[in-house]
Amino acid sequence: MDLSIIVPLYNEEESIGPLHRAITEAVSPLGLDYEILFVDDGSRDSTFERARAIARQDPHVRVIRFRRNYGQTPAMMAGIDHASGRILVTMDGDLQNDPADIPNFLDKIEEGYDIVVGWRHKRQDKLITRKIPSRVANWLIGKVTGVPIRDNGCSLKAYRSEVIKSIPLYSEMHRFIPAMLSLVGSRVAEIKVRHHPRRFGQSKYGLSRIYKVALDLLMVKTLISFMSRPLQWFGLLSLPLFVAGLAALATSLLPGSEADPIWMGVSFLCMSSGFFFIFAGTVAEMVYQSGDVRPSRYMERKLRVVAPQTGMESKA
Ligand code: UDP
Ligand code: MG
């Protein structure tokens, strides 16, 4: 199979029909062996029934259904797990991404890139609640992960199958795929894509996603920088605590303060938290060494599979 197109859908009953037509129009002239994976993320409207009806008519279509709403990233992940294409394309199911862009993505992959990321350069969303937070998030993600991508939130992306299948995705992590893939020196390309206003239904997100994205960013940073040496990460976190603890102790022993119990208490608290961090770090290190955590297994597998092909020649 050449190509799998993966579309998470949550209450998109009006969009799915036109979307299926648009994908077919864009992809069938290419003469590829392709499949469309509709992942129904526990929709409460008729999305699943419509998807199933489409699948009955079109043998290219497969439908995966979640029993309840798990979120866009788990839906994407389920599609990726079930996809059999050599190249995988993910996109939104609300007609905001344009399937007519798919051939450009395939060209870039054929040029040798491992992942191609869309950039909605004329994004059709609200300015204050969407475009500005997204600008800030993209800047921050670039700074923290060291992988500057203009539009991490654009779902329209293409990947070599073996590359994307090897990374763990959960929570809202689909926004960090380029950064996660940088772990193995994947070659990342960005291309401009069209973007349309939402025609049917509603956006599933509000400002609350900022909180999730911030925590995911912390997790991704931890994964990227300290996955194989957690003790260093925890050690780093414990340093300011030890410094504060010593400073408090010194203050309590200053002449005139007569072993001030408050400063002694503060010092004890800081120092014991510091030791707790070190302790947590050693436990994390032992877990990592035992080789049973999924990220470590995926890292090793990925390094073996991907690195020789991409030659680690690109930073991103
Ligand atoms: N989506 C999903 N599960 C969710 C939320 C969203 O599968 O819990 C799908 C949704 O149906 C759409 C895509 O993810 O196909 C992007 O969602 P949305 O359009 O609401 O996000 P926005 O474009 O507003 O960022
Ligand atoms: Mg949308």
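Going from the sequence shown to the numbering used here is simple: count from 1 and add 689. Ideal Cβ placement from N, Cα and C applies to all residues, glycine included.
Is the beta carbon of residue j closer than 8 Å to that of residue i?
i	j	result
I695	V728	yes
E974	L920	yes
I817	A868	no
S773	M690	yes
H884	K820	no
L649	F966	Not covered by the structure: residue 649. The range shown for the chain is 690 to 1005.
A715	P837	no
S735	E701	no
V877	V806	yes
L719	D790	no
S850	L928	no
S732	G890	no
M765	T779	yes
C843	R809	yes
R754	F737	yes
Between the Cα of residue i and those of the options, spot the shortest distance and give me the residue it belongs to.
i	options	result
N786	R887, I913, G963 and A936	R887
A933	S897, F957 and E947	F957
E879	G706, D803 and T762	D803
T940	G890, L928 and G954	G954
T762	L938, K832 and P857	P857
F794	V882, R757, L829 and R812	V882
W922	L708, G782, G970 and A789	G970
S892	A903, V972 and G782	G782
F915	P718, L845 and T834	T834
F865	N827, L896, V976 and R745	N827
L721	A744, R710 and L692	L692
G801	A767, A847, V972 and A742	A847
P788	L935, S717 and L943	S717
G963	L829, P944 and L935	L935
I743	F968, I712 and F755	I712
K832	H749, P707 and K910	K910
N841	S855, L870, K854 and K815	L870
Y759	S979, P697, V825 and V972	P697
E724	H771, W808 and S946	H771
L784	W952, M960, C959 and D814	D814
Since residue i and residue j are thought to touch, with beta carbons under 8 Å apart, how far apart are those beta carbons, to the nearest angstrom?
i	j	result
S823	V852	Incorrect: roughly 25 Å between the Cβ atoms, too far for contact.
V917	Y977	Sequence inspection shows Ser at residue 917; the Val mentioned does not correspond to that position. About 7 Å separates the two Cβ atoms, so the contact holds.
D730	Y699	4 Å
L896	L829	That pair is no contact at about 16 Å.
G768	L726	4 Å
G706	R739	7 Å
W952	S961	Not quite, the Cβ-Cβ distance comes to about 15 Å (not below 8 Å), so this is no contact.
Checking contacts by CB at 8 Å: is residue i closer than that to chain C?
i	result
I880	Of the protein chains in the structure, only one exists, and it is not chain C.
- [ ] Let me have the residue list for the ligand MG: C-beta closer than 7 Å to any non-hydrogen atom, ordered along the chain.
- [x] D781, D783, Q785, R887 and S892
Task: beta strand (DSSP E) segments (min. 3 residues) lying fully within the region 812 to 885 - done: 846 to 849 and 877 to 882
Open item on the list: Extract the residue ranges of the beta strand (DSSP E) inside the region 938 to 980, only unbroken runs of 3 or more that lie entirely within it.
Closed with: none
TODO: With a floor of 3 residues, list each beta strand (DSSP E) that falls wholly inside the region 699 to 733, ordered by position along the chain.
DONE: 723 to 729
TODO: Scan the region 775 to 819 and note each continuous beta strand (DSSP E) run of 3 residues or more that stays entirely inside, going in chain order.
DONE: 776 to 779 and 804 to 809
- [ ] Can you check the region 881 to 920 for any alpha helix (DSSP H) of at least 4 residues that lies completely inside it and give the ranges in chain order?
- [x] 898 to 915
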